[in-house]
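Protein chains in written order, with the numbering used here: chain A, 25 to 562; chain B, 2 to 399; chain C, 37 to 550.
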């Protein structure tokens with residue numbers, strides 16, 4: 025039987041990034057994936073005729089440029105094209121545009137409030153200040169505040185110094201930013217409900233909280249701290265869909281000699297004498313290695329793929345209580361042509377942007393109330409995009425693909441599995457809502473894939489289909505992520521590591537958890553570090 | 002505003018049709034959303050119009066606010082660091098305003114139009130700050146950038162041009178004075194202000210009369226060498242005058258992201274604008290503390306040996322064996338009128354006292370190749386260019 | 037101008053009185069000016085119907101800090117101590133709990149409840165230490181601040197690795213998840229949810245409700261008491277302490293403004309136009325009122341007033357007072373149970389649902405309630421044989437859509453009575469007179485902006501270092517001579533005396549330094 029230095033479980037983008045850095049350091053690595061395709065939720069799938077769907081994640085911004093460069097992803101086919109702005113359709117038939125050009129954006133905001141047009145600059149600066157603070161920690165391992173190890177103390181001091189550097193007043197602002205709700209944060213800058221609503225979506229995407237829930241201002245950051253070519257906060261499309269990211273990572277990984285096995289679901293992570301021994305596949309095969317890295321979420325890793333008796337009880341309980349909630353659904357739609365949105369002026373650049381249909385803070389919050397009651401939002405927040413306007417590879421010429429992200433959509437309906445009828449009804453809710461703003465939309469539909477959190481869990485394996493592998497609330501961030509005492513990528517069993525979004529710094533197609541875990545593994549193995557450092561000062 | 006207006010690349014000032022006729026270079030840039038000229042036909046000649054005859058610069062994109070209400074004076078007085086009680090109606094004041102940490106948000110000119118009414122002109126936009134500052138005051142703050150067209154008329158013959166236009170009483174207008182005249186049934190406001198350090202005026206009128214005003218001005222100035230000028234010429238003149246430019250010499254404190262990149266008025270050499278006798282103004286506590294403790298930075302005007310302009314240069318304490326730069330140049334130029342190599346920069350205190358010698362690392366390019374010189378520079382006190390005619394009332398005809 | 041005082045305290049709320057008494061004890065000449073006719077502010081007993089009196093705002097005592105009672109030599113007379121909480125269930129199946137134990141739930145829940153209380157009280161104990169200190173300033177070289185910060189770090193470490201991790205994890209969490217993870221009994225989960233959200237604009241699912249729960253425990257370890265003579269008697273007792281220390285208290289003297297001269301405080305002026313000079317003014321009024329109205333924004337700086345302007349302080353708690361001709365009949369309660377605290381909170385989702393409308397400026401159709409019969413052990417409050425029901429009713433948002441008209445108040449009063457009737461069907465027959473105080477009424481009567489108990493929402497973004505706002509957490513406002521001593525300052529509301537005591541210490545320390 026062939027043996028390996030390390031087994032990476034799951035070929036999601038973090039698993040692949042992790043495997044690539046390990047292989048680059050010369051380790052003999054195998055990455056096993058349960059599906060017959062790679063990428064996990066970073067995937068392009070051909071589910072209908074000649075259409076390609078980014079059927080889970082759909083845009084790219086957070087992918088760390090350090091990783092992009094260090095793994096030479098461009099050589100493996102990755103090309104990220106920025107797209108601009110967004111639009112919110114208003115109930116009265118009007119619209120609010122969020123333009124890429126700052127002066128145009130200024131004039132547009134001034135249509136709603138001159139005050140807000142000015143305030144936006146201060147808002148951006150204040151938010152960017154928080155982005156810079158957190159960005160420094162994306163490619164670092166969180167310190168353990170309870171530890172007295174020099175490494176932890178050095179990291180804690182670094183964290184403290186970064187914080188102190190802001191100066192007294194900004195330190196207070198930072199404390200507030202990390203604890204307040206996105207609605208209240210926005211209230212301190214803006215007066216226009218429409219502008220606030222347009223900005224607030226980023227505070228709740230993928231999150232089982234409402235815009236008024238404390239802690240959601242931070243989630244906003246999670247959508248702002250990305251970049252495309254140094255344009256902070258910009259978003260882009262991966263040419264060929266999000267699967268191109270996974271494909272490039274896999275390409276890099278294989279170029280370093282890594283081995284990739286699909287249709288190799290792991291039944292169990294095998295532990296012997298308090299150390300990992302390897303994995304047992306669902307097909308009965310066993311693979312041995314002294315290092316096993318899980319790219320699955322923590323719940324799946326420890327509650328489904330490990331024996332409870334192999335884990336400390338306190339750890340097991342904490343994992344059980346880890347919050348990873350299904351709150352978002354997805355519709356992937358093949359269109360016969362470009363839908364009309366009469367609200368947007370002809371020829372406007374707004375066609376090429378994120379489109380939203382919720383135009384008031386009250387509607388945003390009410391959408392959350394439905395989720396709390398155990399059902400999908402009857403008036404949901406949708407984030408829809410037509411990537412085919414930018415990317416010619418995803419549909420036949422003249423045809424289009426529309427990606428619709430929907431918040432909120434629960435994992436279970438009132439505590440039980442979804443029925444097919446309910447899934448259809450959910451899809452209809454969303455399509456009707458889009459139809460309200462586009463008269464020909466329904467006629468153009470050729471095929472719709474409706475995905476509830478349950479479907480995502482069933483397909484990809486992410487518990488509750490949560491896009492971040494765990495809520496981004498304070499109790500689950502930084503040294504608390506995934507659970508206190510285990511934030512440094514090491515599991516509770518020797519040789520076992522966690523490299524996916526359940527670990528710091530969390531979800532989104534960032535690849536940072538994968539890279540950070542690789543750095544820790546290489547350090548434990550006393551191997552050369554292949555993981556890049558933060559570019560700094562951006 | 003219609004969608005087309007929102008989405009258009011750049012707004013056009015009401016003077017644009019006339020400027021477009023004069024334009025030979027097609028060198029435009031964006032200025033707060035407006036299309037503004039770098040230069041129209043020749044930077045050098047435009048510059049010399051300012052120093053030798055009259056240059057006309059379109060000020061419309063300057064951000065303008067009107068502050069009205071019974072608390073207007075108290076509001077302005079709390080907003081800016083200088084004592085606004087001393088600025089009578091009909092006077093204009095240069096002022097800076099700070100955040101609560103005593104860091105400069107912006108500088109600008111404040112026109113005391115009449116009792117309880119001010120206009121604030123600045124480079125950056127501040128409606129949200131000015132609105133926040135209005136909490137607890139009986140004032141209304143309105144933005145009026147697009148409602149007022151402005152022209153700077155600057156240079157030794159500017160007085161003659163305006164006299165020639167038939168503006169009565171212009172001779173009595175003192176520096177930082179303000180007057181109103183009738184222009185074809187509209188109110189024309191004239192202030193003796195400018196950004197060139199020379200004799201000059203600024204004219205303010207409703208946008209509908211903008212073209213008429215331009216035409217009348219150029220007709221009156223025909224025999225006095227009147228010329229339209231672009232931003233490049235104006236910038237050279239303002240460096241000679243030693244004026245600060247937001248974005249160069251300081252950044253608006255509320256929009257600055259990195260710690261330590263902001264400046265206080267004391268660090269910008271503007272202590273003369275800070276009146277600690279006022280019991281309260283924004284930034285007072287922090288500035289009093291800074292005064293007690295000492296500043297971190299100091300703005301310097303540099304007279305540099307040689308003739309290679311010190312763009313973006315580091316400043317050192319010594320010619321050799323420096324461990325680290327003590328600062329850097331923020332604006333630099335060869336001054337055609339002073340025949341001097343001049344610069345404005347920022348250095349760490351206690352460096353940069355008047356009379357100090359520092360060293361400037363200058364890179365310059367000749368036929369592709371770059372060269373480097375360490376040039377000695379002297380910290381000077383006065384503006385590089387400060388002609389007597391600037392202050393003369395009545396001004397001479399020149 | 038009249039005689040000069042070392043300090044003037046605006047408002048004879050319990051915190052103002054604590055502060056005044058401590059300043060008096062330190063030998064300062066102190067004048068307290070109170071707008072209402074009696075002392076106590078929101079800790080007050082007053083008649084509301086012929087022969088009936090009630091604690092008109094706060095009605096239970098559970099947070100009074102031992103440091104305060106010790107330093108003032110205060111011994112509040114209690115009508116009942118360590119009362120139980122009874123979460124009312126349908127058909128008389130109630131759950132009752134106290135700081136020490138629980139009844140009416142399965143063995144597993146009972147065990148977990150004890151473990152839960154132990155854990156929470158440990159954290160509350162740590163919190164309590166810091167409720168009784170001025171929050172340190174961050175990023176300064178101020179020695180006291182550095183010391184407190186170092187101490188905080190040390191105290192966290194002293195919790196031990198496991199508890200420290202747990203503390204850092206739960207402090208930002210919501211109570212809902214914690215309850216659902218721990219307990220089965222819906223009534224228990226409902227009751228504890230109410231404990232966490234009472235007086236706030238939060239539902240049990242809102243992150244931050246562990247903090248509000250701990251805050252509640254951080255007094256008398258979760259023990260709840262009913263003072264004899266109502267809360268007003270506690271205020272009277274503190275007032276007497278103050279008078280004994282030479283403090284002058286003048287009631288019926290509403291302060292209209294704080295005088296500012298040459299950038300510093302110079303005294304106060306009352307509505308009648310009388311001026312009282314003093315170089316130290318301590319405001320027990322809420323921070324918004326103090327900064328924006330009593331002093332005026334113009335005497336501060338822009339970012340500071342912008343922050344003060346944005347302090348969230350919109351109350352959600354209404355107060356219902358019923359004068360009863362006898363005790364109503366609650367199914368499944370013994371006579372003696374009327375001495376306890378009753379909650380209407382059938383389950384945790386009920387509490388959350390009850391919160392939902394408040395977000396949109398609507399009242400709860402099915403409110404949560406905290407009900408007590410203060411007259412049960414205290415005959416001074418009602419004619420013999422008659423009784424008083426005092427209840428906190430949530431959620432009644434301060435900014436109600438359409439405003440708090442008489443009709444809106446009446447509708448909410450009926451909603452509250454209907455809610456009680458679910459458990460005590462004969463309640464309506466017992467009512468002789470009633471009073472409903474909405475947050476708007478509370479604002480008017482007790483001069484608290486937004487009618488908010490805590491003078492500012494008790495959430496992490498308005499807590500400790502940033503309470504009431506960044507730059508003023510050490511009781512001293514950025515105007516020389518002006519201090520805050522009310523619930524709007526650290527640590528927050530409740531009849532704790534902590535802000536008053538901390539403020540007094542800050543004032544005395546400052547004087548020593550200068």
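Built from N, CA and C at the ideal position, the CB exists for glycine as well.
Under 7 Å, Cβ to Cβ, is there at least one residue of chain A near residue i?
i: residue 128 of chain B; result: yes
i: residue 37 of chain C; result: Caution is warranted here: a pLDDT of 46 is assigned to residue 37 of chain C, below 50, making its placement in the model unreliable, and no coordinate value can be reported.
Consider the Cβ of residue i: report whether some Cβ of chain B lies at a distance smaller than 7 Å.
i: residue 250 of chain A; result: no
i: residue 298 of chain C; result: yes
i: residue 427 of chain A; result: no
i: residue 383 of chain A; result: no
Thinking C-alpha only, which one of the options is nearest residue i?
i: residue 383 of chain B; options: B/351, B/297, B/295 and B/244; result: B/244
i: residue 12 of chain B; options: A/35, A/381, A/130 and A/62; result: A/130
i: residue 47 of chain A; options: A/317, A/389 and A/401; result: A/317
i: residue 238 of chain C; options: C/140, C/345, C/404 and C/94; result: C/404
i: residue 510 of chain A; options: A/407, A/471, A/414 and A/339; result: A/339
i: residue 457 of chain A; options: A/435, A/516, A/79 and A/407; result: A/407
i: residue 1 of chain B; options: B/350, B/353, B/309 and B/399; result: Any answer about residue 1 of chain B is impossible in this case: the structure gives chain B only from 2 up to 399.
Using the C-alpha atoms, what's the distance from residue j back to residue i?
i: residue 418 of chain A; j: residue 374 of chain A; result: 20 Å
i: residue 89 of chain B; j: residue 205 of chain B; result: 19 Å
i: residue 62 of chain C; j: residue 270 of chain C; result: 22 Å
i: residue 84 of chain A; j: residue 350 of chain A; result: 21 Å
i: residue 37 of chain C; j: residue 474 of chain C; result: Per-residue confidence for residue 37 of chain C stands at a pLDDT of 46, beneath the threshold of 50, marking its modelled position as unreliable; no derived number is given.
i: residue 335 of chain C; j: residue 208 of chain B; result: 39 Å
i: residue 76 of chain A; j: residue 372 of chain A; result: 26 Å
i: residue 377 of chain C; j: residue 150 of chain C; result: 19 Å
i: residue 36 of chain B; j: residue 230 of chain B; result: 14 Å
i: residue 437 of chain A; j: residue 369 of chain A; result: 40 Å
Quick check: is the beta carbon of residue i nearer than 7 Å to any beta carbon in chain C?
i: residue 504 of chain A; result: yes
i: residue 389 of chain A; result: yes
Could you tell me if residue i is buried or exposed, where buried requires 16 or more neighbouring beta carbons within 10 angstroms of its beta carbon?
i: residue 341 of chain B; result: buried
i: residue 334 of chain B; result: buried
i: residue 446 of chain C; result: exposed
In terms of residues, what are the limits of the alpha helix (DSSP H) holding residue i?
i: residue 154 of chain C; result: 143–167
i: residue 165 of chain B; result: 159–165
i: residue 326 of chain A; result: It is not in any alpha helix (DSSP H) - residue 326 of chain A carries neither H nor E in the DSSP assignment.
i: residue 313 of chain C; result: Not the alpha helix (DSSP H): residue 313 of chain C falls in the beta strand (DSSP E), residues 311–313.
i: residue 535 of chain C; result: 534–549
i: residue 39 of chain A; result: 37–48
For the beta strand (DSSP E) holding residue i, just list the boundary residues, first then last.
i: residue 59 of chain B; result: 55–59
i: residue 340 of chain C; result: Premise fails: residue 340 of chain C lies in the alpha helix (DSSP H), 338–345, not in any beta strand (DSSP E).
Is residue i close to chain D, meaning its C-beta is less than 7 Å from at least one C-beta of that chain?
i: residue 334 of chain C; result: Judged by its chain identifiers, the structure shown contains no chain D, and its protein chains are A, B and C.
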